[in-house]
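Q: Below is a structure I'd like to ask you about.
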Amino acid sequence: MTVENSAVSGETFGQTDDILRAEHISKRYGAVTALVDVNLRLGRGEVLGLIGDNGAGKSTLLKTICGFQPPTTGRILLNGEEVHFSSVTQARAAGIDIVYQDLALVNQLTVYQNMFLNRELVRWPLLRNRSMRKRAKEQLDSIGISTLKSVDVEVASLSGGQRQAIAVARSVFSDAKVLLLDEPLAAMGVKEGAAILDLVRDLKDQGISIIIIAHNYGQVFPVCDRVNLLQGGKITFDKYSKDTSVEELTNIVVSEYRKALEERHRRTAAS
Amino acid sequence: MSDVSDTAERSPDIIGGAGGPAARGPSPLNSAAAIFLKQREASVLLIAAILFIYFATTTPAFVSHGSFVNIAQYMAPYVIIGIGLVLLMVCGEIDLSVGFVWMLSPYVMHFFADSGLPILLAIVITVLILAVVIGGVNGIVTTYFGVPSLITTLGSGYIIFGYALTVSSAQQINLPDGSLGVGRWFGGEAWSEIIWATVLVLLFQVLLTRTRWGLYTISVGGNLLGAREAGIKVNKIKIGNFMLCSGFGAVAGILEAFKNNIIDPSAGQLAVVLVALAGVVIGGTAMLGGSGTVIGLWLGVLVLAILNDGFNLRGISSNKFQIILGAAILVAMIANTYLTRLRSAGRLGGARK
Ligand SMILES: Nc1ncnc2c1ncn2[C@@H]1O[C@H](COP(=O)(O)OP(=O)(O)O)[C@@H](O)[C@H]1O
Ligand SMILES: [Mg+2]
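What follows is the structure in structure tokens.
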């Protein structure tokens, strides 16, 4: 099965009009190798689902694309041109924004301060708090994913879903052309999750290209145009949604489990 | 979410703005009290007021010009270095070396004045150099080499201490010739040092709550990884705050020299850092980073100053005063923790800090 899949991967990688390509990316953290020669592409206006086991390297891959950390080897192309981001601020200026898995919210700051963190409205030297409050409120209202009473509360007091909504809203309103969403549904209830998926569809309709990581791929499959599977730091599967199904993905994951089980048994038998 | 901006305007960040809007509530007195208690600085202001009233009613000489001058002069230098300590603690660091910068700075100023610079310029250059060099080294060792700042500044503190003792030969020296006129503006007059301290407090309260630098300082202390992920240059923020702290140390040292009319090798050192730290935590700045208040610091040091002055007037020896100081730290911290718990449990009304 893996042989067939890597063949497919090569096939779709031939596309040329991609908004984003990550070529031969590898990433080592000291002794840990998180990514091995990853090739990932994202078509214009496409929604790509990136799935894979815990520790497969999904977050690491998005963090090298968004400028948070440089890859150990490999290159990233935006609109066909090689880019080297030395900070997320640079990547954001180039049109790439990310919602981190850990959300990157500061508990001690208010909702609106978090939404404008490192993108504040300033009339030097003072922050334009009133304008930021107003805009934050409008933005949260307009995406309709918030049950917040006020944008003036500290995020420490919010629920997991509300925090996630704030992190998503912050990136959605950043004028990004490429949006990277790392597990945006993780802490959300069914209703909030559905609202986020609606939002993803809206963004796609506005022409924004999106990579969405989801542990629960069944949930995001309906909004994805294409699905990539990351296994042990490599992309082992790359298919258009119309050519695959949740069942096929489940089969792959199940066979991964079976392999892991067999491995365990072999080891216990040997020792 | 319809009344968001409305709520926003009703939660003043700086204490003292609580009067007006409260009148809108159902029971003006109650909601004024609620808004007051919601402020982080409320508990320490309350403590300061109670102490003031206590001494005013029990100690005859307490309400007098001389006594108030004592309070102001005691407060000023601790407030000044306290501002730097608040900024550092908010971003998750600490600086023990600031008291040694205090000790060194008037000698450096004297050196520059001796080499022919006008006194004003000598002061400015001293503050800038000490801020950039000492703060910069503290910051770089802490951020790039990953040494905890307690250790970094313990080490740098000793280095500065030894250096100051060496260049001064541990001898007192007189202020530079012809500096006394200027010196009156910088601590020579009874009230000049506390005026400097208070102006700096107001400036840096605004910096902490109303500017990018303050926001990033809070972010770095509140969620270091998150701040980095958001694209904040966390090392720059930390190093900058180390520089500010050293700069405040230099200012305090120079002002104290003018106040005492002598440059003295026993000035500053670790003892002053500990007193300032007491003021910082009594004022409501968290040990763990991410939150703090410069106004609170001013009030925290006021509490210490009132205690110092009051017990002095009652003839309590400075030896016994240490016991009172320690007890004050503990009582104020317990009161703070208790009020914070009430506040976060929503028993005091709204959701503000
Ligand atoms: N900052 C880091 N330092 C060291 N190892 C890391 C770091 N970040 C991730 N890793 C390792 O890289 C691998 C991939 O992690 P990650 O990208 O977070 O996986 P995923 O998001 O797919 O669950 C894991 O083995 C993880 O332990
Ligand atoms: Mg992850």
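Residue numbers (our numbering), protein chains in the order written: chain A, 112 to 382; chain B, 999 to 1351.
For glycine and all other residues, C-beta sits at the position ideal for the given N, C-alpha and C.
Is the Cβ-Cβ distance between Asp286(A) and Ile324(A) less than 9 Å?
A: Cβ distance not < 9 Å, so Asp286(A) and Ile324(A) don't count as in contact.
Q: Just to confirm the assignment, what range does the alpha helix (DSSP H) spanning His135(A) have?
A: Here His135(A) belongs to no alpha helix (DSSP H); instead the beta strand (DSSP E) covers Leu131 to Tyr140.
Q: Could you please give the first and the last residue of the uninterrupted alpha helix (DSSP H) stretch that includes Tyr211(A)?
A: Here Tyr211(A) belongs to no alpha helix (DSSP H), and DSSP marks it neither H nor E.
Q: Out of Val194(A), Leu251(A), Glu249(A) and His326(A), point me to the one whose CA is closest to Gln342(A)'s CA.
A: Closest by alpha carbon: His326(A).
Q: Who are the near neighbours of Ile981(B) in its chain, counting only those whose CB is closer than 8 Å to its CB and skipping five residues on each side?
A: Outside the modelled stretch of chain B, which goes from 999 to 1351, sits residue 981(B), for which no answer is possible.
Q: Which residues bound the alpha helix (DSSP H) around Glu157(A)?
A: From DSSP, Glu157(A) is part of no alpha helix (DSSP H); its letter is neither H nor E.
Q: Would you say Gly1224(B) faces chain A, with C-beta separation under 9 Å as the test?
A: Taking Cβ atoms only, chain A reaches closer than 9 Å to Gly1224(B), which makes this a yes.
Q: Can you list, in chain order, the residues of its chain with a C-beta nearer than 6 Å to that of Arg1022(B)? Leave out the 5 residues immediately preceding and following it.
A: Any reading at Arg1022(B) needs caution, since the residue's pLDDT is 43, under 50, leaving its predicted position unreliable; the model's value is listed next. Here the set comprises nothing.
Q: Please tell me whether Arg1339(B) has its Cβ less than 9 Å away from any Cβ of chain A.
A: No, Arg1339(B) lies away from the interface with chain A (no Cβ there is under 9 Å from its Cβ).
Q: For Gly1144(B), decide whether its Cβ has a neighbour in chain A, counting only Cβ atoms nearer than 9 Å.
A: Gly1144(B) does not count as touching chain A.
Q: From Met299(A) to Ser356(A), what distance separates their C-alpha atoms?
A: The alpha-carbon atoms of Met299(A) and Ser356(A) are separated by roughly 24 Å.
Q: Taking 9 Å as the CB-CB cut-off, is Thr1209(B) touching chain A?
A: Yes, contact with chain A.
Q: Going along chain B, which residues have a C-beta under 9 Å from Ser198(A)?
A: Per Cβ cutoff of 9 Å: Gly1229 and Lys1231.
Q: Which bits of chain B does Phe390(A) rub up against, with CB to CB less than 8 Å?
A: Residue 390(A) lies beyond the range of chain A shown here (112 to 382); nothing can be said about it.
Q: Just checking Ala275(A) against ligand 1 - is the residue's beta carbon closer than 8 Å to any of the ligand's heavy atoms?
A: The residue you asked about is not Ala; residue 275(A) is Gln in the sequence shown. Answer for Gln275(A): no, Cβ out of range of ligand 1.
Q: Listing by chain order, which chain A residues have their CB less than 8 Å from the CB of Ile1293(B)?
A: Those within 8 Å of Ile1293(B) in chain A number zero; the least Cβ separation is about 17 Å.
Q: Tell me which residues pass a beta-carbon proximity test against ligand 1: closer than 5 Å to any heavy atom, given in chain order.
A: Taken from the N-terminal end onward, the list reads Tyr140(A), Val143(A), Ala145(A), Asn165(A), Gly166(A), Ala167(A), Gly168(A), Lys169(A), Ser170(A) and Thr171(A).
Q: Taking 9 Å as the CB-CB cut-off, is Ala1021(B) touching chain A?
A: With a pLDDT of only 39 at Ala1021(B), under the threshold of 50, the placement of this residue in the model should not be trusted, and no figure is reported.
Q: Rank Val149(A), Gly154(A) and Glu134(A) by C-alpha distance to the C-alpha of Gly318(A) and give the top, closest one.
A: For the residues Val149(A), Gly154(A) and Glu134(A), the minimum Cα distance to Gly318(A) belongs to Gly154(A).
Q: Is Gln212(A) near ligand 2, judged by its Cβ being under 8 Å from some heavy atom?
A: The answer is yes for Gln212(A).
Q: Looking at the C-beta of Ala305(A), does it have a partner C-beta in chain B at a distance below 9 Å?
A: So no, Ala305(A) is outside the interface.
Q: Quick one, are the C-beta atoms of Ala1326(B) and Leu1302(B) less than 9 Å apart?
A: Yes, they are a contact pair.
Q: Check whether the Cβ of Glu294(A) sits closer than 8 Å to any heavy atom of ligand 2, and report yes or no.
A: Answer for Glu294(A): yes, Cβ within range of ligand 2.
Q: Between which two residues does the beta strand (DSSP E) holding Ile187(A) run?
A: First-last of the beta strand (DSSP E) with Ile187(A): Thr184 to Leu189.
Q: Note down, in chain order, all residues in the region 214-227 of chain A with a beta-carbon under 7 Å from any beta-carbon belonging to chain B.
A: So the list reads Ala215, Leu216, Val217, Asn218, Gln219, Leu220 and Gln224, given in the order they occur along the chain.
Q: Given 8 Å as the limit, tell me if Ile324(A) has its C-beta closer than that to any heavy atom belonging to ligand 2.
A: Answer for Ile324(A): yes, Cβ within range of ligand 2.
Q: How about Glu294(A): is its C-beta nearer than 9 Å to some C-beta of chain B?
A: No, Glu294(A) does not count as interfacial toward chain B.
Q: Report the rounded CA-to-CA distance for Val1084(B) versus Ile1138(B), giving the unit in angstroms.
A: Each residue's alpha carbon lies about 19 Å from the other.
Q: With DSSP as the reference, please indicate the residues paired to Val1130(B) in a beta bridge.
A: Answer is none; Val1130(B) lacks a bridge partner.
Q: Let me make sure I understand the geometry here. Which of Leu173(A), Gln273(A), Asn240(A) and Val147(A) has the alpha-carbon closest to that of Leu216(A)?
A: Here the closest residue by C-alpha is Gln273(A).
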